[in-house]
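Chemist: Pasting a structure below so you can have a look.
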Amino acid sequence: MGLLTIGAFAQAAGLTPKALRLYDQVGLVLPAAVDPESGYRLYDPDQLPLARLVAQLRRIGMPLAKIRTVCGLEPAAAAEAITAYWQQVTADTAARARLATFLVEHLSEGGITMSHVNPTLAVRYATGCETGAVRDSNEDAVYASERLFAVADGMRGAGGAAASAAAIDALRPLELADVPAVDLLTMLAGAVTDADRTVRGLATDDHQPATTLTALLRSGSQLALVHIGDTRAYLLRGGELSLLTQDHTWVQAQVDQGKLDRDQAATHPQRALLVRALGGGQQVEADLALRTALPGDRYLLCSDGLSAVVDRDALRVALSAPTDPAETVRSLIDLAQGEGAPDNVACVIADVVAA
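Shown next, in the form of structure tokens:
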């Protein structure tokens, strides 16, 4: 069979002539020849498998730059690349679906009428971050300001400290955003994606750093929460202590499935094994939520160097004491030290007060 005109080739490949002209321009599917007089593109029938692959990859939404890479791979490697791409698409779609569901619920409850400026509230805060009694390095990081409160726990090993610092640094530009509270969730989701990309960029030939991240971003009386890993956020309100986050650990998954009870999970040798973290796994998947702050609320963000060694009753007693944030931070770190402080200890206290 001789060369095919662009129209005949497009029909056989399931493409349009316009698409073929685009793929020629970007170097994906080049014509076998160009008629010197008419300028018409001509294609070899042997190019049909490539053109059909490009058409199929475009139908699943793969960008042209990614398609160019995939088409240059051997079949087995191309299959792996397509699998990885689709896993990322699936994760991104699920994250957008969760955010959309949350926004619908929030707005349906009247959230759209809430002002993102509430001058009657202020926040007093303090941070603490110590190496502990056993570790010889500190991979935890903390940050607090009028609008942002964050704790990150880098995985022990090369790059752990850099990973936790990078995770928090990715959120800090959001302090400057003067937007309604609901928009903060979308911004947080994007910042977490950027943080994950930055942490992955810290990889060496033999090590991929990873980190957890738990943070609150404030807009007036609204607090946007982002969480991934086993750092935690607690709320003390009216004398009751509530855990606002769920650990992304293997043992927590076993508890959720009824395979372990909480006492077994607390002493399990793999209780620190994460199933989600920035820089770990195929893609990032963070939990997002929006809360309304009230005067008298006390928020605690901490690494597992505190929550894993100090029981919840002791945390509640320490948080309920009539001490300022700095004194409370010191009290919490002392509690961890009293339990041997086998890990780095990081915490943030944020007290919501009437201005």
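With the first letter of the sequence shown counted as 1, position 307 gets the number 511 in my numbering; the numbers rise by one all the way through. Cβ coordinates follow ideal geometry from the N, Cα and C atoms, glycine included.
#1: What is the DSSP secondary structure of Gly424, reduced to helix, strand or coil?
#2: Looking only at C-alpha atoms, which of Glu334, Cys551, Ala369 sits nearest to Leu519?
#3: I'd like to confirm something about Leu417: is its beta-carbon nearer than 7 Å to some heavy atom of the ligand NAD, or not?
#4: Determine which residues share a DSSP beta bridge with Ala348 and list them.
#5: Could you spell out the range, first to last residue, of the beta strand (DSSP E) harbouring Val556?
#6: Comparing C-alpha positions only, which one of Leu268, Leu254, Ala259 sits nearest to Glu278?
#7: Can you tell me the Cα-Cα spacing of Tyr329 and Val556, whole angstroms?
#8: Strictly by DSSP, which residues pair up with Thr418?
#9: Going straight from the alpha carbon of Leu226 to that of Ala216, what length do you get?
#10: Taking buried to mean at least 16 other C-beta atoms within 10 Å of its own C-beta, is Gly358 buried or exposed?
#11: Leaving out five residues on either side along the sequence, give the residues of the same chain with a beta carbon under 6 Å from the beta carbon of Phe213.
#12: Which residue's Cα is closest to the Cα of Met266: Ala512, Ser446, Tyr289?
#13: Judging by CA-CA distance, which residue of Lys270, Ala522, Val355 is the nearest neighbour of Thr418?
#14: How many angstroms separate the CA atom of Ala326 from the CA atom of Leu389?
#15: Work out the CA separation of Gly231 and Thr273 for me, nearest whole Å.
#16: Which residue's Cα is closest to the Cα of Asp250: Pro240, Val396, Ala236?
#17: Along the chain, where does the beta strand (DSSP E) containing Arg441 start, and where does it finish?
#18: In three-state terms, what does DSSP make of Arg401?
#19: Apply the 10 Å Cβ neighbour rule to Glu343 and answer buried if 16 or more other Cβ atoms are within range, or exposed otherwise.
#20: Go ahead and label Ser423 buried or exposed: buried means 16 or more other beta carbons lie within 10 angstroms of its beta carbon, across all protein chains shown.
#21: Do Leu392 and Ala428 have their beta-carbon atoms positioned less than 8 Å apart in this structure?
#22: Excluding five sequence neighbours on each side, which residues of the same chain lie with their C-beta closer than 8 Å to the C-beta of His411?
#23: Between which two residues does the alpha helix (DSSP H) harbouring Ala493 extend?
#24: So Leu505 and Thr435 are in contact, right, with Cβ under 8 Å, and what is the actual spacing, rounded?
#25: Is the Cβ-Cβ distance between Leu478 and Gly433 less than 8 Å?
#26: Out of curiosity, what's the CA-to-CA distance linking Asp243 and Ala259?
#27: Could you check whether Ala497 and Ser446 sit closer than 8 Å to each other, using their CB atoms as the reference points?
#28: Taking the beta strand (DSSP E) that Ala525 falls in, what are its first and last residues?
#29: Report back the beta-carbon spacing between Ala367 and Ala414 to the nearest angstrom; my notes put them in contact at under 8 Å.
#30: Could you work out which residue in Asp373, Ser341, Leu261, Ala285 is closest to Asp400 when comparing CA atoms only?
#31: Mapping the DSSP letters down to three states, classify Ala330 as helix, strand or coil.
#32: Could you check if Ala545 is buried or exposed, using at least 16 other CB atoms within 10 Å of its CB as the buried criterion?
#33: Using CA coordinates, which residue listed in Gln450, Gln458, Leu523, Ala223 is at the minimum distance from Leu492?
#34: Count the other CB atoms within 10 Å of the CB of Arg245; is the residue buried (16 or more) or exposed (fewer)?
#35: Please name the residue, chosen from Val346, Ala540, Ala559, that lies closest to Ala337 on a Cα-to-Cα basis.
#36: Nearest to Tyr147 by CA position, among Glu543, Leu440, Val514, is which residue?
Modeler: In short:
#1: If DSSP states are grouped into helix, strand and coil, Gly424 belongs with coil.
#2: Looking at the Cα atoms, Cys551 is the closest of the given residues.
#3: With respect to small molecules bound, the structure shown includes none, and the ligand NAD cannot be examined in it.
#4: Per DSSP, Phe353.
#5: Per DSSP, the unbroken beta strand (DSSP E) holding Val556 starts and ends at 549-558.
#6: Checked all of Leu268, Leu254, Ala259; the closest Cα to Glu278 is Leu254.
#7: In a straight line, the C-alpha of Tyr329 is about 9 Å away from that of Val556.
#8: Paired residues: Val355, His431.
#9: The alpha-carbon atoms of Leu226 and Ala216 are separated by roughly 17 Å.
#10: Buried, since its Cβ has 16 or more Cβ neighbours within 10 Å.
#11: Tyr247, listed in sequence order.
#12: Looking at the Cα atoms, Tyr289 is the closest of the given residues.
#13: Among Lys270, Ala522, Val355, the Cα nearest to that of Thr418 is on Val355.
#14: One Cα belongs to Ala326, the other to Leu389, and the distance between them is close to 21 Å.
#15: A straight line joining the alpha-carbon of Thr273 with that of Gly231 spans about 11 Å.
#16: Closest by alpha carbon: Ala236.
#17: Boundaries of the beta strand (DSSP E) harbouring Arg441: 436-441, taken from the DSSP string.
#18: Helix.
#19: Burial call: buried.
#20: Ser423 should be labelled buried.
#21: Closer than 8 Å, so yes.
#22: Answer for His411: Gly361, Ala362, Gly363, listed in chain order.
#23: Going by DSSP, Ala493 is part of no alpha helix (DSSP H) but of the beta strand (DSSP E) stretching over 491-496.
#24: The pair is a contact, with the Cβ atoms about 7 Å apart (cut-off 8 Å).
#25: Against a cut-off of 8 Å, the Cβ pair of Gly433 and Leu478 comes out as a contact.
#26: In the sequence on display, residue 243 carries Gly and not Asp. Cα to Cα, the separation comes out at about 24 Å.
#27: Contact check for Ser446 against Ala497 fails: the beta carbons are separated by 8 Å or more.
#28: No beta strand (DSSP E) contains Ala525, which DSSP labels as neither H nor E.
#29: Separation of the CB atoms of Ala367 and Ala414 is rounded to 6 Å, and the pair is thereby assigned contact status at 8 Å.
#30: When each option's Cα is compared against that of Asp400, the closest is Asp373.
#31: In the structure shown, Ala330 sits in a strand (DSSP, three-state: E or B).
#32: It counts as buried.
#33: From the listed residues Gln450, Gln458, Leu523, Ala223, the smallest Cα separation to Leu492 is found for Gln450.
#34: Looking at its Cβ environment, which holds 16 or more other Cβ atoms inside 10 Å, Arg245 is buried.
#35: The residue with the shortest Cα to Cα distance from Ala337 is Ala540.
#36: One cannot answer for residue 147 here, as it falls past the ends of the chain, which runs 205 to 559.
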